[in-house]
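Notes follow once the structure below has been shown.
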Amino acid sequence: MNPTQDINISFKSYAARRKHELSAHIVNGVPDYSFSMDYAIRQKINAIPGMFQLFKAITSHMVPFQRQKLNMECVAAGPQQYPELHAMGEECAKRLGIGVPQIFVKYDVKINAYAFATEDSTPVIMVTSAIVENFTKAELKAIIGHECGHIHNNHTIYKMAAGIVTGTITEGLHLIPGLKQMVSLLSLGAKWLLLNWSRCAEITCDRAGLICADSLDDAVKAIAKFGFGGVKALEHININEYIKQIEQMQATPVRYMELESTHPLTPKRLLAFKIFNQCDVLYSWRPDWKTSDMDLFSKEEADKKCESFISVTSKKMNVK
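Just so it is clear: in the sequence shown, position 97 is 97 by the UniProt record's numbering, and no numbers are missing.
Set out below in structure tokens:
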């Protein structure tokens, strides 16, 4: 007697089941873990006449340029070189349900990573050699998961727009005549809206990083190292005490300095991690982590708590 005769083990059946599982995680066209302010601000950006169309056109020119530049300057991870890094990309992509990214390693003493993708091309992730050398394998996996989150949430057009208006993306702009002049016409309000979105998008992708990570501790350490430049800077830091500094920042006008940043302050990201670790959505992705004694709250509650401190203008935190 064949014990598997009543079980459908065909690839077609597996693919259909997997598609159904992943579709359950899409709500109103976006992944269910996506931070509420990420989607809300994207809708505001899209409502600005011509804004989305402009940056979509820019992206269609910039992505091929960036891809070829990485191919020229970096080492492409694959089964034969950086195989563990390649495997991390495969695992994170499978978990989130995206195409397997091509990962490039760039020699750079600075800790950095980014991702981009378009509808008609293979997703790309770049990590610097400083990350590969200074992060543990588990921490590196959380970073790859974070970057896969940008791909999963279709952030490329908006991230590239934020990079151009802040000056962090400069190479390749000459390929588009008149681009600098067009960008200079954007109002200060439009630029701040893009930066506000960028900070919120990082919270979304930190959640993706946690979903793909081996543990909360690995994901937290990865972001802490990313924020502080490596392991040595963390030797004397108590992360829980460090998070408490947010309340002091929220109470002073100094908090407005964050308006110019593409990323939330590191303690805010760490607190958002702790909140999402108590959210039911996380355990719908990672049922293997769930225990019977957990007291979880809803995605709406998690987002509301995060909104109270991710918003630069907010004066009071509401995380209890």
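No residue lacks a Cβ here, since even glycine has one placed at the ideal position from N, Cα and C. All values derive from a computational prediction rather than experimental measurement.
For residue i, name the three-state secondary structure that DSSP assigns.
i, result
"Phe-116", "strand"
"Lys-316", "coil"
"Ala-76", "strand"
"Lys-305", "helix"
"Asn-109", "The amino acid occupying residue 109 in the given sequence is Val; Asn does not appear at that position. Three-state DSSP puts Val-109 in coil, outside helix and strand."
"Phe-104", "strand"
"Ile-98", "coil"
"Gly-229", "coil"
"Phe-11", "Reliability of the predicted coordinates at Phe-11 is poor, the pLDDT of 43 falling under 50, and the value obtained from them is presented with this limitation in mind. Three-state DSSP puts Phe-11 in a helix."
"Lys-36", "Sequence check: residue 36 is Ser here, not Lys. Of the three classes helix, strand and coil, the one that applies to Ser-36 here is helix, per DSSP."
"Ile-211", "helix"
"Asn-46", "helix"
"Ile-237", "coil"
"Gln-81", "coil"
"His-61", "helix"
"Ser-198", "helix"
"His-86", "helix"
"Ser-292", "coil"
"Ile-310", "helix"
"Glu-133", "helix"
What does residue i pair with, by DSSP beta-bridge criteria?
i, result
"Val-27", "Val-30"
"Tyr-297", "It should be pointed out that residue 297 corresponds to Phe in this sequence rather than to Tyr. Answer is Cys-279."
Does the beta-carbon distance from residue i to residue j come in below 8 Å?
i, j, result
"Pro-101", "Val-132", "no"
"Lys-110", "Thr-122", "no"
"Ile-151", "Ala-117", "yes"
"residue 347", "Leu-85", "Because the chain in this structure spans residues 1 to 320, residue 347 falls outside the shown range and cannot be described."
"Cys-306", "Ile-203", "yes"
"Asp-32", "Val-312", "no"
"Ser-195", "Glu-91", "It should be noted that the sequence gives Leu, not Ser, for residue 195. Not in contact: Leu-195 and Glu-91 (Cβ atoms no closer than 8 Å)."
"Arg-95", "Ile-211", "yes"
"Phe-135", "Ala-272", "no"
"Gln-250", "Lys-316", "yes"
"Asp-206", "His-155", "no"
"Asp-303", "Trp-197", "no"
"Asp-218", "Ala-138", "yes"
"Ala-161", "Phe-55", "yes"
"Lys-299", "Ala-213", "no"
"Gly-89", "Ile-144", "yes"
"Cys-74", "Lys-44", "no"
"Ile-26", "Cys-200", "no"
"Asn-153", "Val-63", "no"
"Phe-309", "Lys-268", "yes"
"Met-126", "Phe-104", "yes"
"Val-220", "Ile-239", "yes"
"Ala-190", "Met-51", "yes"
"Gly-97", "Gly-149", "no"
"Ala-224", "Thr-266", "yes"
"Ala-87", "Asp-108", "no"
If you follow the alpha helix (DSSP H) that residue i is part of, which residue opens it and which one closes it?
i, result
"residue 321", "Given that the chain is displayed from residue 1 to residue 320, the structure contains no residue 321 and the question cannot be resolved."
"Ile-125", "First-last for Ile-125: 124-128, but that is the beta strand (DSSP E), not the alpha helix (DSSP H)."
"His-150", "137-152"
"Gln-248", "245-250"
Check your understanding: What are the complete beta strand (DSSP E) segments, minimum 3 residues, inside the region 255-290?
Key -> none
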